[in-house]
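Colleague: Each residue of the sequence shown is one higher than the one before, starting from 1 at the first, in UniProt numbering.
Every residue, glycine too, gets a C-beta built ideally from N, C-alpha and C.
First, the structure itself, so that you have it in front of you.
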Amino acid sequence: MLSLARPKVQVYSRDPGKFGSKNVLICHVSGFHPPDITIQLMKDEAELPNANQTDLAFKQGWRFHLTKNVAFTPLDGEKYSCRVTHGQKVSNYAWGELICIS
């Protein structure tokens with residue numbers, strides 16, 4: 001039986017962030033097992049509508065990966081993040097912050 005593998009999460013934008021400029025917020029989640037996972041792209045505490053998600057795929061060792069993205073226009077004072085639910089664990093990853101996962 002395969003052991004639990006926590007996801008590695010990367011949150012970034014298509015273009016460098018600039019307030020008032022259209023962009024795409026992207027959340028890439030990889031290396032996780034089992035495949036039961038939920039990704040939400042958030043503005044403050046609300047989920048952004050009309051997000052697109054790739055099909056769930058896997059690599060060697062049954063480690064899964066998934067990407068979700070949504071068009072957005074960042075404004076000063078707003079916080080954007082990726083909320084990942086894997087098993088019972090819910091984690092938030094902010095856009096614009098360096099995230100290190102061991």
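#1: Tell me the DSSP bridge mates of residue 71?
#2: Would you call residue 69 buried or exposed, if buried means 16 or more other Cβ atoms sit within 10 Å of its Cβ?
#3: Are residue 22 and residue 80 close, meaning C-beta to C-beta below 7 Å?
#4: DSSP three-state call for residue 32: helix, strand or coil?
#5: Would the beta-carbon of residue 53 fall within 7 Å of that of residue 28?
#6: Return the bridge partner residues of residue 19 from the DSSP annotation.
#7: Counting only the same chain and skipping the five closest in sequence on each side, list residues whose C-beta sits under 8 Å from that of residue 57.
#8: Tell me which same chain residues have a C-beta within less than 7 Å of the C-beta of residue 96, skipping the five on either side of it?
#9: Between which two residues does the beta strand (DSSP E) harbouring residue 38 extend?
Modeller: Looking at the atomic coordinates:
#1: By one-based count along the sequence shown, residue 71 stands at place 71. DSSP lists 24 as partners of residue 71.
#2: Looking up residue 69 in the sequence shown gives position 69. That one is buried.
#3: Walking along the sequence shown from the start, residue 22 turns up at place 22. Walking along the sequence shown from the start, residue 80 turns up at place 80. It is not a contact, given that the beta carbons lie outside the stated cut-off.
#4: In the sequence shown, counting from the first residue as 1, residue 32 sits at position 32. Looking at residue 32 - three-state DSSP - the assignment turns out to be strand.
#5: Stepping through the sequence shown from its first residue, residue 53 is reached at position 53. Stepping through the sequence shown from its first residue, residue 28 is reached at position 28. The answer is no: Cβ separation not under 7 Å.
#6: Counting from 1 along the sequence shown, the entry for residue 19 is found at position 19. The partner list for residue 19 (beta bridge, DSSP) is empty, contrary to what the question assumes.
#7: Position 57 of the sequence shown, counted from the first residue, corresponds to residue 57. Excluding residues within five positions, the ones whose Cβ falls inside 8 Å are 64, 65 and 66.
#8: Looking up residue 96 in the sequence shown gives position 96. Taken in chain order, the residues that qualify are 17.
#9: Your numbering for residue 38 matches position 38 in the sequence shown. Taken as a continuous stretch (DSSP letters only), the beta strand (DSSP E) holding residue 38 covers 37-43.
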